[in-house]
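In the numbering used here, the protein residues as written are 55 to 138.
Just so you know, even glycine gets a beta-carbon here, dropped at the ideal spot from N, CA and C.
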């Protein structure tokens, strides 16, 4: 999940809008939170999983993704003993 955490930071810090990358990250993060195999999730990911999902639902899930990644970053910082 560290790879996605770093990638998320790059996306958030960048000026370019990357919606397809955020959607993939949302999908992978959902699999991670469900205890799924990330390699299989990544290999099986297809943008079509978002067909029929309401934009409002995606927006809410992206907000939750931001909260999750923030918490994950804090946890990893503590785990790796990175000074604040």
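Nearest neighbour of residue 82 by Cα position, chosen from 70, 64 and 123, turns out to be 123. Per DSSP, residue 98 is one residue of the alpha helix (DSSP H) stretching across 92-98. Judged by pairs of C-beta atoms under 8 Å, the region 75-95 touches the region 56-64, as three or more such pairs exist. Cβ-Cβ distances below 6 Å link residue 126 to 59 in the same chain, with the five nearest sequence neighbours on each side left out; the list follows chain order. Taking a C-beta distance under 8 Å as the contact criterion, residue 99 and residue 55 do not qualify as a contact pair. Relative to residue 80, the option among 67, 70, 131 and 103 whose CA is nearest is 103.
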